[in-house]
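Line by line, the protein sequences are chains H and S.
Whatever position you read off the first sequence (first residue = 1), add 1 for my numbering.
Whatever position you read off the second sequence (first residue = 1), add 1 for my numbering.
Idealized CB from N, CA, C, for every residue including glycine.
On a predicted model such as this, the values are computed, not experimentally measured, just so you know.
Report on the following structure.
2 protein chains.
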Amino acid sequence: MRLGITECTSRLITARHGILGTTPADRGPDLVPVCFVATATHAAVPIDTVKPKASTDLRRRRNLVEDPRATLLVEHWDEDWSSLWWVRARLELVAATPSGRLAEWDEALRVKYPPYAGATFADVLVFAITGVTGWSGAG
Amino acid sequence: MRLGITECTSRLITARHGILGTTPADRGPDLVPVCFVATATHAAVPIDTVKPKASTDLRRRRNLVEDPRATLLVEHWDEDWSSLWWVRARLELVAATPSGRLAEWDEALRVKYPPYAGATFADVLVFAITGVTGWSGAG
Numbered sequence: 002m003r004l005g006i007t008e009c010t011s012r013l014i015t016a017r018h019g020i021l022g023t024t025p026a027d028r029g030p031d032l033v034p035v036c037f038v039a040t041a042t043h044a045a046v047p048i049d050t051v052k053p054k055a056s057t058d059l060r061r062r063r064n065l066v067e068d069p070r071a072t073l074l075v076e077h078w079d080e081d082w083s084s085l086w087w088v089r090a091r092l093e094l095v096a097a098t099p100s101g102r103l104a105e106w107d108e109a110l111r112v113k114y115p116p117y118a119g120a121t122f123a124d125v126l127v128f129a130i131t132g133v134t135g136w137s138g139a140g
Numbered sequence: 002m003r004l005g006i007t008e009c010t011s012r013l014i015t016a017r018h019g020i021l022g023t024t025p026a027d028r029g030p031d032l033v034p035v036c037f038v039a040t041a042t043h044a045a046v047p048i049d050t051v052k053p054k055a056s057t058d059l060r061r062r063r064n065l066v067e068d069p070r071a072t073l074l075v076e077h078w079d080e081d082w083s084s085l086w087w088v089r090a091r092l093e094l095v096a097a098t099p100s101g102r103l104a105e106w107d108e109a110l111r112v113k114y115p116p117y118a119g120a121t122f123a124d125v126l127v128f129a130i131t132g133v134t135g136w137s138g139a140g
């Protein structure tokens with residue numbers, strides 16, 4: 002069954018991780034698991050220096066310069082399909098986030114994820130949520 | 002660390018579910034959790050009639066007519082980030098699959114997923130795997 006907006010938002014905010022999809026011009030969609038924090042209107046995805054990466058000039062940032070639209074999926078898998086659910090948020094990159102607001106996102110990320118305690122971020126991608134839909138196998 | 006192709010393929014084949022990304026022309030990427038079966042060269046995603054949906058003329062099928070490229074992500078989340086891993090397969094829709102081969106995919110899906118026992122599928126999307134990459138937080 003379709004989930005209402007309030008339920009979608011609640012599940013998005015409390016989810017521990019999600020899948021971020023971005024769209025390069027020259028190939029199929031790029032999908033990557035991400036840590037994030039969300040409110041009813043915005044989502045922030047850090048480019049951290051904690052998990053080892055080849056570079057912090059990540060493809061996802063370059064994709065978003067080409068096309069600022071992205072999608073964040075959170076979901077629950079279960080072998081019992083009546084327990085399945087997912088929530089999909091449509092996003093658009095916020096071009097410039099005031100530094101004070103960025104500091105708040107940094108802090109929210111550190112509170113949500115203990116391994117980020119004391120961490121600094123190479124970048125934080127801040128998105129406006131332009132729509133949210135969800136589905137549940139229950140009911 | 003980067004995972005080798007053999008390791009990527011092994012994790013893709015044994016994963017119980019994945020996230021399929023397709024690219025509509027008019028908006029950001031569509032992401033949806035899917036059941037699937039994979040070999041080293043192909044992946045098949047059913048459009049089933051078991052989990053309730055608004056329609057079997059699904060957006061993912063229409064997206065793939067517009068752009069046959071897709072991405073399948075399988076991943077493991079863990080609060081211990083040294084246990085994180087993901088594998089991403091680049092896909093391209095196979096336009097026409099011989100009916101005998103389709104029957105084999107149907108059977109493989111029923112073997113992998115008990116709730117599909119006795120089920121028929123509205124459609125099975127068959128993709129060629131054009132590339133695979135993976136990452137693990139371990140080591």
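Please name the residue, chosen from the options, that lies closest to residue i on a Cα-to-Cα basis.
i	options	result
residue 138(H)	130(H), 119(H), 83(H), 98(H)	83(H)
residue 16(H)	128(H), 103(H), 93(H), 73(H)	73(H)
residue 97(S)	128(S), 3(S), 7(S), 86(S)	128(S)
residue 4(H)	120(H), 89(H), 121(H), 18(H)	89(H)
residue 60(S)	104(S), 23(S), 92(S)	23(S)
residue 117(S)	38(H), 130(H), 81(H), 104(H)	81(H)
residue 85(H)	30(S), 130(S), 35(S)	35(S)
residue 124(H)	103(H), 19(H), 114(H)	103(H)
residue 188(H)	41(H), 42(H), 33(H), 40(H)	One cannot answer for residue 188(H) here, as it falls past the ends of chain H, which runs 2 to 140.
residue 95(S)	19(S), 101(S), 115(S), 45(S)	45(S)
residue 38(S)	126(S), 135(S), 91(S)	126(S)
residue 122(H)	41(H), 132(H), 130(H), 105(H)	105(H)
residue 50(H)	130(H), 119(H), 135(H)	119(H)
residue 41(S)	130(S), 135(S), 134(S)	130(S)
residue 21(H)	2(H), 113(H), 91(H)	91(H)
residue 30(H)	113(S), 71(S), 8(S)	71(S)
residue 18(S)	87(H), 25(H), 28(H), 101(H)	87(H)
On the DSSP bridge list, what partners appear for residue i?
i	result
residue 20(S)	34(S), 74(S)
residue 47(H)	125(H)
residue 112(S)	DSSP, once it has assigned bridges, lists no residue as partnering residue 112(S).
residue 135(H)	88(H)
residue 39(S)	44(S)
residue 60(H)	None; residue 60(H) has no bridge partner.
residue 93(S)	70(S), 129(S)
residue 3(H)	136(H)
Would a check of beta-carbon distances place residue i closer than 7 angstroms to chain A?
i	result
residue 73(S)	No chain A is part of this structure, whose protein chains are labelled H and S.
**Asked** Counting Cβ pairs, one atom from each stretch, are 3 or more of them under 8 angstroms apart for the segment 58-75 of chain S and the segment 107-124 of chain H?
**Response** Here the segment 58-75 of chain S makes no contact with the segment 107-124 of chain H; the two share fewer than three CB pairs at distances below 8 angstroms.
**Request:** Examine the Cβ distances between the segment 74-92 of chain S and the segment 3-12 of chain S and report whether three or more of them are shorter than 8 angstroms.
**Result:** Result yes; three or more Cβ-Cβ pairs closer than 8 angstroms.
**Item:** Interface positions of the segment 57-82 of chain S facing chain H (Cβ-Cβ less than 7 angstroms), listed along the chain
**Value:** Against chain H - using a Cβ distance shorter than 7 angstroms - the residues of the segment 57-82 of chain S are 70, 71, 72, 74, 76, 78, 82.
**Message:** Give me the subset of the segment 16-43 of chain H whose CB atoms are less than 8 angstroms from a CB atom of chain S, sorted by chain position.
**Reply:** The residues in question are 17, 18, 20, 22, 23, 24, 28, 29, 30, 31, 32, 33, 34.
**Request:** Give, in chain order, every residue of the segment 108-137 of chain S whose Cβ lies closer than 7 angstroms to some Cβ of chain H.
**Result:** 116
**Request:** Check each residue of the segment 87-110 of chain S: if its Cβ is closer than 9 angstroms to any Cβ of chain H, include it; give the result in chain order.
**Result:** 87, 89, 91, 92, 93
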